[in-house]
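Every letter in the sequence shown is one number past the one before it in numbering that gives the first Met the number 0, and letter 392, counting from 1, is 391. Structure, as structure tokens:
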Amino acid sequence: MDLGDSEGGRVVSVDIIRGCALVGMVLDHFQLYFGNDAAAGSWPYFLFEHALGDWGAACFLMIMGMSQALSHEKHKVSGPGPLLHRALLRGGYLFVVGLLMLGLTWGPSQLWQWDILTLMGFATVVLALCRFLPSWTILLLGSGLAVGAPLLRTVSCFADYWGGALRGVPLISEFLPGLYVEPVSKYEVVWSVKPIILGFLANGYFPLLPWLLFPLVGFALGRRIAGGKMRGDLPRLALLGAALAAAGLALAFAARMAPAEAVTGGFIAPLSFSPDSSSMVLFQAGMTLLFFSALFFLCDTRQNGRPPQGLLARQIGLTSRFSLSFYVLHYLIIGWTLFAVYLATDRYPISSLMGDVPALLCGLVAVLALETVLWLWQRTGGKYSLEWVLDALTARLAALR
Numbered sequence: 000m001d002l003g004d005s006e007g008g009r010v011v012s013v014d015i016i017r018g019c020a021l022v023g024m025v026l027d028h029f030q031l032y033f034g035n036d037a038a039a040g041s042w043p044y045f046l047f048e049h050a051l052g053d054w055g056a057a058c059f060l061m062i063m064g065m066s067q068a069l070s071h072e073k074h075k076v077s078g079p080g081p082l083l084h085r086a087l088l089r090g091g092y093l094f095v096v097g098l099l100m101l102g103l104t105w106g107p108s109q110l111w112q113w114d115i116l117t118l119m120g121f122a123t124v125v126l127a128l129c130r131f132l133p134s135w136t137i138l139l140l141g142s143g144l145a146v147g148a149p150l151l152r153t154v155s156c157f158a159d160y161w162g163g164a165l166r167g168v169p170l171i172s173e174f175l176p177g178l179y180v181e182p183v184s185k186y187e188v189v190w191s192v193k194p195i196i197l198g199f200l201a202n203g204y205f206p207l208l209p210w211l212l213f214p215l216v217g218f219a220l221g222r223r224i225a226g227g228k229m230r231g232d233l234p235r236l237a238l239l240g241a242a243l244a245a246a247g248l249a250l251a252f253a254a255r256m257a258p259a260e261a262v263t264g265g266f267i268a269p270l271s272f273s274p275d276s277s278s279m280v281l282f283q284a285g286m287t288l289l290f291f292s293a294l295f296f297l298c299d300t301r302q303n304g305r306p307p308q309g310l311l312a313r314q315i316g317l318t319s320r321f322s323l324s325f326y327v328l329h330y331l332i333i334g335w336t337l338f339a340v341y342l343a344t345d346r347y348p349i350s351s352l353m354g355d356v357p358a359l360l361c362g363l364v365a366v367l368a369l370e371t372v373l374w375l376w377q378r379t380g381g382k383y384s385l386e387w388v389l390d391a392l393t394a395r396l397a398a399l400r
């Protein structure tokens, strides 16, 4: 989760996108885990969970790849050995924190859900190795992951771990049936070697295929930023983003008459987040490129990289700098609240606690509480935050070498 430096200072758009993605994710997850069946059929739920959340996760991962490229550029004077050691430490730290977060949030039985942090930890090491490769090879590798994902899901029994079937996403299916589908239940964790490995590769919430594609693309884009070439790339990048998003939607429309199960192993498939269907991958990549192009132009080209002024802008930047702590804390708030309700009522109300408006209000209160914690943390130099622990570990291990 490093932030790098552009040729003129910090890449402001990277900070803003990461901070906004984190805040939007909290609102999304409160709808997802607190919202009941009635909430799932409401516009607030659809807006945060699908219209924004389904491509926001890809955006977050692409920004992570950009940050890694910028960080590598900043630290390359130390040589390839220290860079790899640093990546192994930081990647391993993210991976372990991701597993601990799942265990502390949902209980040890849910350890192998394969959340986004475990993917980011693995991606950190992969991207460190990618510094030896030309960008076209990295993009080709990412494309191979997108192509290979449906093929792997056909042999990994994906649907068996998600309730055995898929259904139309509520609300949008009333207007455009067959366009957007989702599994009928949440991921079932199985404590056995083969299901754990297949979950990491293809079946979990954020498996390697195809999700590693987005950090790889971000890494290639980060190189362009570090080389001072992104400003000239913006028109082509925006056009590419629009074309990819349109292609994803066109592919989904073409698949409306196909069975919902086509998202598992087909290339002409409806939109789906779990699994991340071929049409969704194109749409996610396109929307992320469009969003990044717009913000890079506004914040890093027109403003010459000057940080935006105002309390809100500073707080978004702060959220970006404490992104790991922010992410883990929001999950603990959700999981422990649900567990407290279980202790009080003997009913575990995941995805059945309240309606859409109360869930949204809870999400807003959580964002306010988290931002307050970050503001207090900043005043103490971030002491005991997860970022502070990582920096302390890095310094300690560097001193031992």
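By construction, the Cβ of each residue, glycine as well, lies at the ideal position given by its N, Cα and C atoms.
Query: For the putative contact between PHE45 and ILE171, defined by C-beta atoms under 8 Å, what is the C-beta separation to the nearest angstrom?; Result: 6 Å
Query: According to DSSP, simplified to helix, strand and coil, what is LEU2?; Result: Here the model assigns LEU2 a pLDDT of 35, short of 50, so the residue's position is not dependable and the matter cannot be decided.
Query: Is the beta carbon of PHE264 less than 7 Å from the beta carbon of PRO194?; Result: The sequence shown places Gly at residue 264, not Phe. Cβ atoms of GLY264 and PRO194: not closer than 7 Å.
Query: Can you tell which of TYR32, LEU396, ILE16, GLY221 has the C-alpha that lies nearest to the C-alpha of SER70?; Result: GLY221
Query: Considering just the uninterrupted stretch of the alpha helix (DSSP H) at VAL364, what are its terminal residues?; Result: 355–378
Query: Looking only at DSSP bridge pairs, what is PRO182 linked to?; Result: LEU165
Query: What are the boundary residues of the alpha helix (DSSP H) that SER277 is part of?; Result: 277–294
Query: Assuming GLY177 and PRO269 form a contact by the criterion Cβ under 8 Å, report the distance between their Cβ atoms to the nearest whole angstrom.; Result: 6 Å
Query: Would you grab the beta carbon distance between SER384 and LEU21 for me? Rounded to a whole angstrom, and I think it's under 8 Å.; Result: So it is not a contact: roughly 14 Å between Cβ atoms.
Query: Check whether the region 108–119 touches the region 49–65, taking contact to mean three or more Cβ pairs, one atom from each stretch, closer than 8 Å.; Result: yes
Query: Which residues does DSSP pair with ARG152 in a beta bridge?; Result: ARG152 is not bridged to any residue.
Query: Buried or exposed: which applies to PRO107, given that a residue is buried once 16 or more other Cβ atoms fall within 10 Å of its Cβ?; Result: exposed
Query: Quick one: using the 10 Å Cβ neighbour count with 16 as the cut-off for buried, is ALA391 buried or exposed?; Result: exposed
Query: Measuring straight from C-alpha to C-alpha, what distance separates PRO206 and ILE333?; Result: 23 Å
Query: Go ahead and label THR104 buried or exposed: buried means 16 or more other beta carbons lie within 10 angstroms of its beta carbon, across all protein chains shown.; Result: buried
Query: In chain order, what residues of the same chain have a beta carbon less than 7 Å from the beta carbon of VAL180, not counting five sequence neighbours either side?; Result: LEU165, ARG166, GLY167, VAL168, ALA259, VAL262, PRO269, SER271
Query: Run the CB neighbour count on TRP111, radius 10 Å, all protein chains shown included, and call it buried at 16 or more, exposed below.; Result: buried
Query: In whole angstroms, what is the alpha-carbon distance linking TRP374 and ALA365?; Result: 14 Å
Query: Can the beta-carbon of PHE338 be found less than 7 Å from the beta-carbon of LEU369?; Result: no
Query: Please return the same chain residues whose Cβ sits closer than 8 Å to the Cβ of PRO289, not counting the five positions on each side in sequence.; Result: Position check: residue 289 holds Leu in this sequence, whereas Pro was assumed. Only ALA237, GLY240, ALA241, ALA244 meet the Cβ criterion.
Query: Could you pull the start and end residues of the alpha helix (DSSP H) that GLY18 belongs to?; Result: 11–33
Query: Under the rule that 16 or more other beta-carbon atoms within 10 Å means buried, what is TYR341, buried or exposed?; Result: exposed
Query: Given that a residue counts as buried once 16 or more other Cβ atoms are within 10 Å of its Cβ, and exposed if not, what is SER184?; Result: exposed
Query: Helix, strand or coil for LEU328? Go by DSSP, reduced to three states.; Result: helix
Query: Measure the CB-CB distance between PHE282 and GLY247 and report whether it falls below 7 Å.; Result: yes
Query: Look at the Cβ atom of LEU317, then the Cβ atom of GLN377, and state whether they are nearer than 7 Å.; Result: yes
Query: What does a CB cutoff of less than 6 Å around MET100 pick up in its chain, not counting 5 residues either side in sequence?; Result: VAL327, TYR330
Query: In terms of alpha-carbon separation, which member of GLU187, PHE174, LEU138 lies closest to GLY162?; Result: GLU187
Query: If you reduce the DSSP assignment to three classes, tell me which class LEU270 lands in.; Result: strand
Query: Is it the case that the Cβ atoms of LEU359 and TYR92 are separated by a distance below 7 Å?; Result: no
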